[in-house]
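Shown next, in structure tokens, is the structure this report addresses.
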Amino acid sequence: EFFWGLACAGSRTFTADFGPQEPNGEIMCPIADMVNHNERSAPAMRWCEDTQTFELFSPIPLRKGDEVSISYGNVSNAHLLHYYGFVPETNDYDYIPVSETDLIEERKRMSGGLSDWELKEQVLRYLIDSNVPGLTLPLAHLRDSSTLFNTFFDHELKLGGVESEHDAILLF
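The opening position of the sequence shown corresponds to residue 36 in the numbering used here, with each subsequent residue numbered one higher.
Structure representation (structure tokens):
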């Protein structure tokens, strides 16, 4: 029950800067915790040192009937579902980790009969053509140098500088 209560409280808190004398901390604000998430909302919350209150405001003019929303942060759908219990229809910050092995196995299933070398080349071409962001773009130049390219693929392919068990991250 303790962890359930902690999860309930955690889903209702805001991070606030309490000024130069206090570090950043968590604050619970009844009513404000019911404001809907919109990733494109400008920051609209602040701690007012003078009144010692947490303020929810609109940094842009609103018309009567406009919804006031805040951003819960630049986070994935998994984070939003886990901490807040919902998944938005669209989310620029969502991603699916995909390993080179996953891509090659799927390509093998679809193409049949290609060598591992041909499959790796197709996977790399797909990633380059799909404009996968980040550090993957320099890999396009390896394609033009067979010595570097062959040496490179003697080792496991690492894309995007990802430091986990995943080799690439595709954003959508």
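Quick reminder that beta carbons are idealized off the backbone N, C-alpha and C, glycines included.
Close Cβ partners of L154 (< 8 Å) along its chain, the five nearest in sequence each way excluded | In the sequence shown, the residue the question calls residue 154 occupies position 119. Taken in chain order, the residues that qualify are I139, R142, K143, S146.
Work out the CA separation of Y130 and P65 for me, nearest whole Å.
-> Along the sequence shown, read from residue 1 onward, the residue named residue 65 stands at position 30. Along the sequence shown, read from residue 1 onward, the residue named residue 130 stands at position 95. Taking the straight line joining both Cα atoms gives about 32 Å.
Within 7 Å, strictly: CB atoms of M63 and T86 = Here residue 63 corresponds to residue number 28 of the sequence shown, with the count starting at 1. Here residue 86 corresponds to residue number 51 of the sequence shown, with the count starting at 1. No; because the gap between Cβ atoms is not below 7 Å, this pair is not in contact.
What is the DSSP secondary structure of N112, reduced to helix, strand or coil?
-> Sequence index remark: in the sequence shown, residue 112 carries index 77 (1-based). In the structure shown, N112 sits in a helix (DSSP, three-state: H, G or I).
Roughly how many angstroms separate the alpha carbons of Y161 and D127, rounded to a whole number?
-> The residue labelled residue 161 in the question sits at position 126 within the sequence shown. The residue labelled residue 127 in the question sits at position 92 within the sequence shown. Approximately 21 Å between the Cα atoms of the pair.
Among all the DSSP beta bridges, which residues are the ones paired with C83?
-> Against the sequence shown, residue 83 aligns to sequence position 48. According to DSSP, C83 bridges with T88.
When the Cα atoms are used, what is the spatial distance from N71 to Q56?
-> Counting from one through the sequence shown, the residue named residue 71 turns up at place 36. Counting from one through the sequence shown, the residue named residue 56 turns up at place 21. Cα to Cα, the separation comes out at about 31 Å.
Less than 8 Å between the CB atoms is what I'm expecting for A51 and W82, so what's the real figure, rounded?
-> Position 16 of the sequence shown, counted from the start, is the residue given in the question as residue 51. Position 47 of the sequence shown, counted from the start, is the residue given in the question as residue 82. Between W82 and A51 the Cβ distance is about 4 Å, and since that is below 8 Å, they are a contact.
Top-ranked residue by Cα proximity to I104, from R98, T88, E74 = Translated into the one-based positions of the sequence shown, residue 104 becomes position 69. It is Ser, not Ile, that sits at residue 104 in the sequence shown. Considering only alpha carbons, the answer is E74.
Do A77 and P96 have their CB atoms nearer than 7 Å?
-> Within the sequence shown, residue 77 is the residue found at index 42, counting from 1. Within the sequence shown, residue 96 is the residue found at index 61, counting from 1. No. Outside cutoff.
Could you check what DSSP says for G60 in three-state terms: helix, strand or coil?
-> The residue labelled residue 60 in the question sits at position 25 within the sequence shown. G60 falls in the strand class under three-state DSSP.
Roughly how many angstroms separate the alpha carbons of Y119 and R98, rounded to a whole number?
-> Residue 119 sits at position 84 when you count from the first residue of the sequence shown. Residue 98 sits at position 63 when you count from the first residue of the sequence shown. Take the alpha-carbon of Y119 and the one of R98: they are about 28 Å apart.
Extent of the continuous beta strand (DSSP E) run through F53 | Position 18 of the sequence shown, counted from the start, is the residue given in the question as residue 53. From DSSP, F53 is part of no beta strand (DSSP E); its letter is neither H nor E.
Excluding five sequence neighbours on each side, which residues of the same chain lie with their C-beta closer than 7 Å to the C-beta of L116?
-> Against the sequence shown, residue 116 aligns to sequence position 81. V122, listed in sequence order.
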